[in-house]
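> For the protein sequence lines, the chains are D and Y, in the order given. Residue numbers for the first sequence follow the UniProt record's numbering, so the first one is 1 and each next one is one higher. Residue numbers for the second sequence follow the UniProt record's numbering, so the first one is 1 and each next one is one higher. All residues carry an ideal CB built from backbone N, CA and C; glycine is no exception.
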Amino acid sequence: MGGYRPGWLNGAVAWITVIYLILPITIILPVSLTDQRFLSLPYHELSAQHYVRLLTTPAWTNAILQSAWIATASTLLAVVLGTLCAIGCWRLSRRSTDLVRALMLLPIIIPSIAYAIGLYRYFAGLGLLDSFLGVVLAHGVTGMPYVVITVSTALAAFDPRLESAARGMGASLLQTLRWVILPRIMPGVVSGAIFAFIHSWDELVVVLFIASRRVFTLPRKIWDGINENLDPAMAAVAVLLVGMTVLLLLLDLTLRRRRED
Amino acid sequence: MNPRGRAALGWWALILPAFLLLTAFYLAPIVQVLAISVTEPRPGFGNYERLFTSESVQRVILTTLRIGVVTTAIALLLGYALAFRVAMAGPRAQRWWLLAVLVPLWISVLVRAFAWVTLLRRQGLVNEGLLAIGAISEPLPLVWNEFGIIVGMVHYMVPYAVLPMLSAMREIDPRVLAAARGLGASRASAFLRVFLPLSMPGVIAAGVLVFIFSLGFYITPALLGGGKTLMAAEWIKLQILDLIRWGLGAMMATVLVVAILVTLAVFSRLVNLRRLFGSGG
Numbered sequence: 001m002g003g004y005r006p007g008w009l010n011g012a013v014a015w016i017t018v019i020y021l022i023l024p025i026t027i028i029l030p031v032s033l034t035d036q037r038f039l040s041l042p043y044h045e046l047s048a049q050h051y052v053r054l055l056t057t058p059a060w061t062n063a064i065l066q067s068a069w070i071a072t073a074s075t076l077l078a079v080v081l082g083t084l085c086a087i088g089c090w091r092l093s094r095r096s097t098d099l100v101r102a103l104m105l106l107p108i109i110i111p112s113i114a115y116a117i118g119l120y121r122y123f124a125g126l127g128l129l130d131s132f133l134g135v136v137l138a139h140g141v142t143g144m145p146y147v148v149i150t151v152s153t154a155l156a157a158f159d160p161r162l163e164s165a166a167r168g169m170g171a172s173l174l175q176t177l178r179w180v181i182l183p184r185i186m187p188g189v190v191s192g193a194i195f196a197f198i199h200s201w202d203e204l205v206v207v208l209f210i211a212s213r214r215v216f217t218l219p220r221k222i223w224d225g226i227n228e229n230l231d232p233a234m235a236a237v238a239v240l241l242v243g244m245t246v247l248l249l250l251l252d253l254t255l256r257r258r259r260e261d
Numbered sequence: 001m002n003p004r005g006r007a008a009l010g011w012w013a014l015i016l017p018a019f020l021l022l023t024a025f026y027l028a029p030i031v032q033v034l035a036i037s038v039t040e041p042r043p044g045f046g047n048y049e050r051l052f053t054s055e056s057v058q059r060v061i062l063t064t065l066r067i068g069v070v071t072t073a074i075a076l077l078l079g080y081a082l083a084f085r086v087a088m089a090g091p092r093a094q095r096w097w098l099l100a101v102l103v104p105l106w107i108s109v110l111v112r113a114f115a116w117v118t119l120l121r122r123q124g125l126v127n128e129g130l131l132a133i134g135a136i137s138e139p140l141p142l143v144w145n146e147f148g149i150i151v152g153m154v155h156y157m158v159p160y161a162v163l164p165m166l167s168a169m170r171e172i173d174p175r176v177l178a179a180a181r182g183l184g185a186s187r188a189s190a191f192l193r194v195f196l197p198l199s200m201p202g203v204i205a206a207g208v209l210v211f212i213f214s215l216g217f218y219i220t221p222a223l224l225g226g227g228k229t230l231m232a233a234e235w236i237k238l239q240i241l242d243l244i245r246w247g248l249g250a251m252m253a254t255v256l257v258v259a260i261l262v263t264l265a266v267f268s269r270l271v272n273l274r275r276l277f278g279s280g281g
């Protein structure tokens, strides 16, 4: 880098920071393989007993399945509406869609606690408390900003004249979307879907307020676990969650790289 | 209607479903919070008076601000060092450094709080380790206090601090540093007088972002604070779910939202959320 190299102090602080970021997350792996019945590093041997327990306890498997369903449904909602919205905003003039763009960012900015208490009252009136639909709507609407952002980024690199050409040759709006715009922005759509999925899969604050018995997601189960009894099955589920997030992120990075090449 | 107008109508129709969903299931509940804060238990600004009269309300606000400021300062310091190192690395190494920032960013906040509890509690790995090597004679209180909250919150915020600073640093031509050195500046003054001022917009953006995220944080303080140190979000939950004082809880939520939106509006030219999530995440 042209004769300037960062000093040793900078390197040391950077490394310490990375270790601080990564180490606590990796420590749960050995803890989840412990041969003991309490949270600890393995004493004598590695054991998969806590994974077996996790995958054979109906309370855990139900929570995992519910979370997977909710995340899938809310991702679908967020991706379809978010993509259409981003395309509309992109094609219309900047000024007239400024308000829409700003509003779409609110769910990222406003603390979930403020939304959660509002939704608690709002859903009580609509009879949506503790319902699958209610949680899907809440996660869908808060996941939408991620899709709008990634799709808008993908659209910024897209030549609007292609769209005009398609329309000029007589393609309808739907045909243009399907055959001209969507294929070019697909990587952005997939990125958005990945982030919307992770968002719903991890979301806890809203669920704490609007769900109680019938809807019981994985984060909710982990939350109860941390507050009531810390046992190694929690470490096992944490490892599964981390594994899934890392896989999804690597998928996203691979897609981005393919797009750049 | 002319064809251009009809086309524009078509594009507006694409925005409509998202806009309706947002209005019906996001904006309406938020507006309801604002409404509750001035109507319950009785209409008027009685709840807001508590900001000036109630000691417990003031204590919560001060605690939230204090933890927010400390978290922001530490996250900026660590984040700056990391971002600088990443910016100076070669393209291949940069990918690895970036992965080390992005993976924690997207890992569940619950999982991270759990990991910190595992490490820091009385019988946790850190205390057991220090006891085993004889560095301490009894366990240190590392979690369920303010120290634990800050460790957990900084851990969450460092990636958010790195990304805006990194994108600002990438816009700086690295040759200016080499030029400063070539003209006889010491390593320290080349950094302090050339690079640091040029990277300042990124630092401010990162600071604003981390600070506003810290203000409304719920999960990490609730799990690592042990109920003794109350920040705004946990206090709101307590008012509403445990004490059923809706007006007071909604008032605090409104204050939180207004404080965050005003901060963002003041710094709107510097903080680009779209770019943060579009390019970084």
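Please confirm if the stretch 110 to 122 of chain Y is in contact with the stretch 23 to 42 of chain D, defined as three or more CB-CB distances below 8 Å between the two stretches.
A contact exists between the stretch 110 to 122 of chain Y and the stretch 23 to 42 of chain D.
> Taking the alpha helix (DSSP H) that I107/Y falls in, what are its first and last residues?
Note, I107/Y: premise wrong, no alpha helix (DSSP H); not H, not E.
> Does any CB atom of chain Y fall closer than 8 Å to the CB of Y178/D?
Just to set this straight, residue 178/D is Arg in the shown sequence, not Tyr. For R178/D, the answer is no, since every Cβ of chain Y falls outside 8 Å of its Cβ.
> Please check if any C-beta of chain Y sits within less than 8 Å of the C-beta of N10/D.
Answer yes: the Cβ-Cβ gap between N10/D and chain Y drops below 8 Å somewhere.
> Taking Cβ to Cβ, would you say M153/Y is nearer than 8 Å to S214/Y?
A contact, by the Cβ cut-off of 8 Å.
> Can you list the residues of chain Y that P183/D reaches, using a CB-CB cut of under 7 Å?
Result: empty, since nearest Cβ-Cβ is about 17 Å, beyond 7 Å.
> Note down, one range per segment and in chain order, each alpha helix (DSSP H) of at least 4 residues found wholly within the stretch 131 to 194 of chain Y.
Listed in chain order, they are 146 to 170, 175 to 182 and 187 to 190.
> Quick check on E49/Y: does DSSP put it in helix, strand or coil?
Helix.
> Quick check on the DSSP output: the alpha helix (DSSP H) that includes K221/D runs from which residue to which?
It spans L218 to N227 - the alpha helix (DSSP H) in which K221/D sits, taken as one unbroken run.
> Compare the C-beta of M88/Y with all C-beta atoms of chain D and state if any pair is closer than 8 Å.
By this cut-off, M88/Y is an interface position.
> Could you tell me the alpha carbon to alpha carbon distance between T245/D and A196/D, rounded to whole angstroms?
If you take the alpha carbons of T245/D and A196/D, they lie about 12 Å apart.
> Whose C-beta lies closer than 7 Å to the C-beta of G207/Y among residues of the same chain, with five residues either side of it excluded?
Counting only Cβ-Cβ distances below 7 Å, and skipping sequence neighbours, we find T72 and L76.
> How big is the Cα-Cα spacing for S279/Y and T153/D?
Low local confidence applies: a pLDDT of 43 at S279/Y is under 50, so the model's placement there is unreliable, with the coordinate-based value given in what follows. Roughly 8 Å separates the two Cα atoms.
> Name the chain D residues that come within less than 9 Å of K228/Y, Cβ to Cβ?
Chain D residues near K228/Y: none, gap ~15 Å exceeds 9 Å.
> Work out the CA separation of A14/D and W96/Y for me, nearest whole Å.
Near 13 Å, if we compare the C-alpha coordinates of A14/D and W96/Y.
> Name, going along the chain, the residues of the stretch 183 to 201 of chain Y whose beta-carbon falls closer than 8 Å to a beta-carbon of chain D.
Here the close residues are R187 and A190.
> Any contact of the stretch 108 to 118 of chain D with the stretch 30 to 38 of chain Y, i.e. 3+ C-beta pairs under 8 Å?
Short answer: they touch.
> Ignore the nearest five residues each way along the sequence and tell me which others in I108/D's own chain have a CB closer than 6 Å to its CB.
Result list for I108/D: P145, in chain order.
> Could you work out which residues of chain Y lie near M169/D, taking near to mean beta carbons separated by less than 7 Å?
The contacting residues do not exist; M169/D stays about 14 Å from chain Y at best.
> Residues in the same chain with beta-carbon distance under 8 Å from A205/Y, minus the five sequence neighbours each way, listed in chain order, please.
Excluding sequence neighbours, A205/Y sits near P164, M165, A168, F267, L270, V271 and N272.
> Identify every run of the alpha helix (DSSP H) within the stretch 57 to 123 of chain D, keeping only runs that are complete inside it and at least 4 residues long; order them along the chain.
You should have 58 to 91 and 94 to 109.
> Could you pull out every residue in the same chain whose Cβ sits closer than 6 Å to the Cβ of L130/Y, ignoring the five residues on either side in sequence?
Within the same chain, L130/Y has close Cβ partners I136.
> Using beta-carbon positions only, say whether G79/Y and V158/Y come within less than 8 Å of one another.
Their beta carbons are under 8 Å apart, which means G79/Y touches V158/Y by this criterion.
> With 8 Å as the threshold, decide whether the Cβ of Y51/D is near any Cβ in chain Y.
No - not a single Cβ of chain Y is within 8 Å of the one on Y51/D.
> For L14/Y, which of I110/D, V190/D, L92/D and I113/D has the nearest alpha-carbon?
For L14/Y, the nearest C-alpha among the options comes from L92/D.
> Need the endpoints of the alpha helix (DSSP H) that Q58/Y sits in, please.
Taken as a continuous stretch (DSSP letters only), the alpha helix (DSSP H) holding Q58/Y covers E55 to M88.
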